[in-house]
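Note sheet for the following structure.
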Amino acid sequence: MPAHGSNEPVGNRTPRRRSGTELTTQRILDAAAAEFIESGYDRTRISSVARRAGLTPGAVYARWQDKSELMAATLDHIFEKILPGTLLADSKIENTSARVALHALGKQLLEPDGLPHVMVNVFAGARNNPDLQSRLQAFLNKEAGQLERLIEAGKESGTFDPGVSTPALTFLCQSLGLGTELLQGGGLDERHVPSAEQWSDLIDRFLPALDPPGDPSE
Numbered sequence: 001m002p003a004h005g006s007n008e009p010v011g012n013r014t015p016r017r018r019s020g021t022e023l024t025t026q027r028i029l030d031a032a033a034a035e036f037i038e039s040g041y042d043r044t045r046i047s048s049v050a051r052r053a054g055l056t057p058g059a060v061y062a063r064w065q066d067k068s069e070l071m072a073a074t075l076d077h078i079f080e081k082i083l084p085g086t087l088l089a090d091s092k093i094e095n096t097s098a099r100v101a102l103h104a105l106g107k108q109l110l111e112p113d114g115l116p117h118v119m120v121n122v123f124a125g126a127r128n129n130p131d132l133q134s135r136l137q138a139f140l141n142k143e144a145g146q147l148e149r150l151i152e153a154g155k156e157s158g159t160f161d162p163g164v165s166t167p168a169l170t171f172l173c174q175s176l177g178l179g180t181e182l183l184q185g186g187g188l189d190e191r192h193v194p195s196a197e198q199w200s201d202l203i204d205r206f207l208p209a210l211d212p213p214g215d216p217s218e
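Going by the working numbering, the residue at position 50 of the sequence shown is 50; the numbering climbs one at a time, nothing skipped.
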């Protein structure tokens with residue numbers, strides 16, 4: 001979809017070369033994330049994480065004292081990957097219009113991201129784990145904040161109708177994100193899931209509703 005309205009920066013990350021220690025830490029966190037997705041919080045074991053990472057348990061304990069510390073870092077690692085700003089930067093959709101950014105985020109809801117159904121396990125684990133619940137709450141609030149800033153930038157540039165409620169649109173975006181993951185993670189039959197093209201077309205039909213009154217694109 002062509003850009004609509006003025007350009008607003010929506011994220012900018014400058015890559016840097018990481019040390020061997022950082023890369024090893026990244027391997028452990030990636031392995032722990034995979035274990036968490038497959039086994040859930042309670043059944044994840046440090047020995048399994050180390051094995052998946054191709055390391056010894058000692059390499060894990062050298063960085064985190066116990067499973068609780070490892071899983072806390074793992075959840076932060078996972079959440080950082082699925083924040084709107086990170087998703088846009090990873091897709092190289094930066095310094096573009098809010099409308100293009102929302103369209104891209106919407107399309108990604110049905111695209112594999114290497115973290116399948118992670119929120120299903122997060123919500124399941126958060127019911128009986130105060131620390132996990134606290135980190136989930138922090139993530140949801142951070143996600144909302146990033147979406148709100150994106151929407152407000154769209155209003156200021158004339159891309160979105162200033163009369164549209166920012167909290168309402170943010171809530172809708174988050175609900176769509178969680179809803180699509182829960183439906184697919186819950187085993188919704190593929191015949192009930194739209195194709196990527198059908199989903200993208202629906203988003204294209206929805207976004208013009210956010211145009212300012214009297215917008216020439218209407």
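In this text, a Cβ means the ideal position worked out from N, Cα and C, and glycines have one as well.
Runs of the alpha helix (DSSP H) lying entirely within the region 39-115, each at least 4 residues long, are 46-53, 57-61, 67-81, 84-90 and 98-107 in chain order. Cβ-Cβ separation between A33 and L136: approximately 15 Å, too far for a contact (criterion under 8 Å). Looking at D211, M71 and L23, the one whose alpha-carbon comes closest to that of G163 is D211. Taking a contact as a CB-CB distance under 8 Å, the pair Q26 and L83 does not count as one, their CB atoms being some 17 Å apart. Look at the beta carbons and you see the region 102-114 touching the region 198-213: at least three pairs across the two are nearer than 8 Å.
Under the three-state reduction of DSSP, T159 is assigned to coil, being neither helix nor strand. Only residues of its own chain outside the window of five on either side were considered, and among them L136 have a CB closer than 6 Å to the CB of V122, listed in chain order.
With distances taken between CA atoms, H77 lies nearest to I37 out of V193, I37, G179 and Q65. The region 46-60 makes no contact with the region 129-143: fewer than 3 CB pairs, one atom from each, lie closer than 8 Å.
Spatial neighbours of T86 in its own chain (CB-CB distance under 7 Å, excluding positions within 5 residues in sequence) are listed in chain order as E80.
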